[in-house]
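These notes are about the structure you will find just below.
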Amino acid sequence: MSEHYFTASPAAESAERGHRFTIRGHEVEVTTASGVFSADRLDKGTQVLLDHVPDPPATGRFLDLGCGWGPIALALALASPDAEVLAADVNERAVDLTARNASAAGLTGVRAAEAGALGAELRASSKRLDLIWSNPPVRIGKEALHALLTDWLPLLADDGEAWLVVGKNLGADSLAAWLGSQGWAVERAASAKGFRVLRVSR
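Residue 292 is where the sequence shown starts when you use this note's numbering, and the numbers rise one by one after that.
Here you go:
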């Protein structure tokens, strides 16, 4: 199991490097590092998600859950520069990279934060999320993944929705069934390159 799924402070040396990626039609220069998910490429699942989600609203409060170095947060902010974009991860290196990559791209509406602290802040306030885009950390195991989604999905506004990408061979269909059993409306919105894109709403 790669430590980035669980570790706040990765033991691996940071070994930062620069990359240029095209994210939903926008070419961006980013910094990535070892100890962070998919440090040397735009992950295939993330790419499938970004290829199949509809454009976000012009304004609102959006979340990239499990942000890594920030491709989903960047995509949200590039599409909706007037929105508030939150990016959450357990990995402090990922949080730092996302903040730096957003700043380098001139995206002032992005706030990256440690997941536990951000979740607690949102639950203690009346703030709700209009949109979640996520390539969730399925490899943490079913029980931990269910706990993660149980924590975050209730923070959606009544008319909010979450878009999740999950590998077919990593339990996408069973996750969709489980979400339905928890009272969520689940639609299989797309299927490509071995991944499902799930739309989840109240």
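C-beta: ideal position from N, C-alpha, C; glycine also. Being a predicted model, the structure only gives us computed values, none of them experimental.
Cβ contact annotation for G359 (same chain, cutoff 7 Å, sequence separation greater than five): V327, F328, S329, D380 and A385, in chain order.
For the set V321, R315 and A448, the Cα lying nearest the Cα of R308 is the one of V321. Look at A374 here: in three-state DSSP terms it is coil, with no helix or strand label. With fewer than 16 neighbouring CB atoms inside 10 Å of its own CB, R493 falls in the exposed class. With contacts defined by Cβ atoms closer than 8 Å, L356 and P445 do not form a contacting pair. Within the DSSP secondary-structure output, L422 pairs in a beta bridge with F353 and E452.
By the CB criterion at 8 Å, V488 and L470 fall outside the cutoff. Beta-bridge annotation (DSSP): E405 is paired with D380. The beta carbon of E405 sits closer than 8 Å to the beta carbons of A299, A379, D380, V381, E383 and V386 from its chain, once the five residues preceding and following it are set aside; these are given in chain order. Bounds of the alpha helix (DSSP H) holding E434 are K433 to W443. Spatial neighbours of R402 in its own chain (CB-CB distance under 6 Å, excluding positions within 5 residues in sequence) are listed in chain order as L377. Looking at the backbone, the Cα of A395 and that of V456 are separated by about 27 Å.
Sixteen is the threshold: when 16 or more other Cβ atoms of the shown chains lie within 10 Å of the Cβ of P347, as they do, the residue is buried. Check the Cα spacing between D442 and each of R391, L420, S465 and K335: the tightest is with L420.
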